[in-house]
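Just so you know, the UniProt record's numbering puts 159 at position 159 of the sequence shown, and the rest follows in order with no gaps. Data first, discussion second: the structure below is written as structure tokens.
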Amino acid sequence: MTMPDALPSEALGWLARQRMRALARQLRVRPDDAQLHLERLQAAMDLPGSDPLQGCLADLFHAVTASRGQDLRQLASELAQARLPRHVSSVFQQLRQSGQMIGPISLVANRWSVMVQPSAAAPARSRRASGDDSRRLAEQVVRAMTGGDAADASAAVELLEYEFLAHCSACQDKLAFMLARRELLRQGLELTPAWLDVAAKLEGDAAGAASAS
Numbered sequence: 001m002t003m004p005d006a007l008p009s010e011a012l013g014w015l016a017r018q019r020m021r022a023l024a025r026q027l028r029v030r031p032d033d034a035q036l037h038l039e040r041l042q043a044a045m046d047l048p049g050s051d052p053l054q055g056c057l058a059d060l061f062h063a064v065t066a067s068r069g070q071d072l073r074q075l076a077s078e079l080a081q082a083r084l085p086r087h088v089s090s091v092f093q094q095l096r097q098s099g100q101m102i103g104p105i106s107l108v109a110n111r112w113s114v115m116v117q118p119s120a121a122a123p124a125r126s127r128r129a130s131g132d133d134s135r136r137l138a139e140q141v142v143r144a145m146t147g148g149d150a151a152d153a154s155a156a157v158e159l160l161e162y163e164f165l166a167h168c169s170a171c172q173d174k175l176a177f178m179l180a181r182r183e184l185l186r187q188g189l190e191l192t193p194a195w196l197d198v199a200a201k202l203e204g205d206a207a208g209a210a211s212a213s
């Protein structure tokens, strides 16, 4: 009796995608199930490229808390470091170190994510924050960047700043951006060029909307 040949890579990829879809359906019912996230990470590793893994990692760091899944978050950050571009893997490293979680809209999410929506893909109406949300986000990033929260590590502060600017850019949250920027400058902080980029984008979006009306 002859042994069957190994499955070709195309068949393995098809099986991995089918497994990913099945696990995604289960995660919508049990979003914080660490075992399901682990199995989905394993399926993502069987697919080419880094996008499937990145999308699964965004879901994991959105749904699994550090207190419930510390070992899983550690493994996930190691997979990210080995497979993802450095500027993306550093976000997951910071999340692991700080114990923070990804919000429902994030720049690190992509089409493979099922619980977190990519910032660029979110409709403007669903992304727009309320005035109270804008003020809360501004206060949070100012407190972290000025040392008002002594528990925040530098990596966590960088992550919070990254996510705040991503939120302002994607959600066109001019109020949160203006409040945070004004207070940080008042306290003498030197802002990174990323703040200038977001300011230019918000001004460009406003000018485009005005010309279209």
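Idealized CB from N, CA, C, for every residue including glycine. Quantities reported herein were computed from a predicted structural model and do not represent experimental measurements.
Alpha-carbon to alpha-carbon, Q117 and P31: Reading the sequence shown from its first residue, position 31 is the one you call residue 31. Reading the sequence shown from its first residue, position 117 is the one you call residue 117. The straight-line gap from Cα to Cα measures roughly 15 angstroms.
Check whether A109 and A58 have beta carbons under 8 angstroms apart: Locating residue 109 in the sequence shown gives position 109, counting from the first residue. Locating residue 58 in the sequence shown gives position 58, counting from the first residue. Yes, the pair counts as a contact, with Cβ atoms nearer than the cut-off.
Burial state of C200 (16 or more Cβ within 10 Å): The residue given as residue 200 occupies position 200 in the sequence shown. Residue identity check: residue 200 is Ala in the sequence provided, not Cys. It counts as exposed.
Exposure of R28, with buried meaning 16 or more beta-carbon neighbours within 10 Å: In the sequence shown, the residue the question calls residue 28 occupies position 28. It is exposed - the Cβ of R28 has fewer than 16 other Cβ atoms within 10 Å.
Beta-carbon spacing of T65, M101 below 8 angstroms: As a working note, residue 65 is residue 65 in the sequence shown. As a working note, residue 101 is residue 101 in the sequence shown. Yes, these two residues count as a Cβ contact at 8 angstroms.
Where P52 sits in the DSSP three-state scheme: Within the sequence shown, the letter at position 52 stands for residue 52. P52 falls in the helix class under three-state DSSP.
D173, buried or exposed, once every other Cβ within 10 Å from all chains shown has been counted against 16: As a position in the sequence shown, residue 173 is number 173, starting the count at 1. So D173 ends up on the buried side.
Sequence-distant residues of the same chain with beta carbon closer than 6 angstroms to Q81, five excluded per side: As a position in the sequence shown, residue 81 is number 81, starting the count at 1. Here the set comprises S89.
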